[in-house]
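Participant: Using mature numbering (1 follows the signal peptide of the UniProt record, and there is no 0), the letters of the sequence shown map in sequence onto residues -26 to -1, 1 to 210.
Think of the CB as a built atom: it goes at the ideal place given N, C-alpha and C, for glycine as much as any other residue.
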Amino acid sequence: MRTMTGFKILFACLALIVLLHPSVEAGRTKATSGVPLRPPHCGFSNVTHNRIVGGKPAKLGAWPWMAALGYINCNEPDGEPYWACGGSLISARHVLTAGHCVEIFGLYVVRIGDLDLGRDDDGAHPVQIEIEYILEHPDYTNGTHNDDIAILKLKKNVPFSEYIRPICLPIDQPLRNNNFEGYHPFVAGWGTVKFGGDLSDELLEVQVPVIGNTECKKRYWPIDKQRITTKVICAG
């Protein structure tokens, strides 16, 4: 998932886990209608994933639910958005993302099915759809790790294809109760390859180990003294 600081993880059922006016953000609401929790054909990748060490560019169709989040470009308000976050398509109309991503000013559009955000000759055929409204977790506080989640409802349905389809949500109880310690899930996105580095236009993928919360607290404490709770899964 692309962020200003690098990769973030959206856990789902992987093996683990008309433009808006430039001065207007996507609307926000506190309610949403029912959504199918497991759309047909969710979670299927077009690529066989082998173990990855160190990260590498993703192949076309490897992560068909990956979405890039677009924001109003203040330097070019009538031009292309800038891409500064990401998420996962979970239905034909909804994208799951991080709460801190919707705190960034000017979020208004989502691009799904892309491979390289800076190229038109990468073989991808992405779709770009405006956001109708944003549903942020009511308990999320910017700067914390807890409840850092939001849902974006799009203005129209995403057309599913070989290279665009949703991921499955972990609705089964065994998945909901699993802390995934010892698993090696994939992380994908247009993030940085090093701390403080430039964002990548190319979709990247890497495998990271999930560690227990006790070990996570020990490792995380020197750089961030916020409390690590059971609401988060540590990986990396």
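(1) Identify which residue in ASN47, ASN20 and ASP122 has its Cα closest to the Cα of LEU70.
(2) Identify which residue in ASN131, GLY60, ASP88 and SER135 has its Cα closest to the Cα of LYS33.
(3) Count the other C-beta atoms from every protein chain shown that fall within 10 angstroms of the C-beta of ASP95, then say buried if there are 16 or more, exposed otherwise.
(4) Within 10 angstroms of its Cβ, does ILE197 collect 16 or more other Cβ (buried), or is it exposed?
(5) Would you report the Cα separation of VAL206 and THR118, rounded to the nearest angstrom?
(6) How many angstroms separate the CA atom of PRO159 from the CA atom of GLU179?
(7) Restricting to runs no shorter than 3 residues, where is the beta strand (DSSP E) found entirely within the segment 118 to 163?
(8) Give the straight-line distance between the Cα atoms of CYS208 and ILE202, rounded to the nearest whole angstrom.
(9) Per DSSP, PRO31 forms a beta bridge with which residues?
(10) Locate the beta strand (DSSP E) running through GLY170, then write down its first and last residues.
(11) Could you say which of PRO112, VAL101, ALA98 and SER65 lies nearest to HIS74 if we only look at CA atoms?
(12) Is it right to say GLU110 is buried, meaning 16 or more other beta carbons lie within 10 angstroms of its own, or is it exposed?
(13) My understanding is that GLU106 touches VAL83, with C-beta atoms under 8 Å, so please give their C-beta distance in whole angstroms.
(14) My guess is that ASP90 and ASP175 are in contact by the Cβ rule of under 8 Å, so how many angstroms apart are they, rounded?
(15) In this structure, does DSSP put CYS75 in helix, strand or coil?
(16) I'd like to know whether the C-beta atoms of VAL132 and VAL167 end up nearer to each other than 8 Å.
Facilitator: In terms of the structure at hand:
(1) ASP122
(2) ASP88
(3) exposed
(4) exposed
(5) 11 Å
(6) 10 Å
(7) 124 to 128 and 160 to 163
(8) 9 Å
(9) LEU178
(10) No beta strand (DSSP E) contains GLY170, which DSSP labels as neither H nor E.
(11) PRO112
(12) buried
(13) Rounded, the Cβ-Cβ distance is 11 Å, inconsistent with contact.
(14) 5 Å
(15) helix
(16) no
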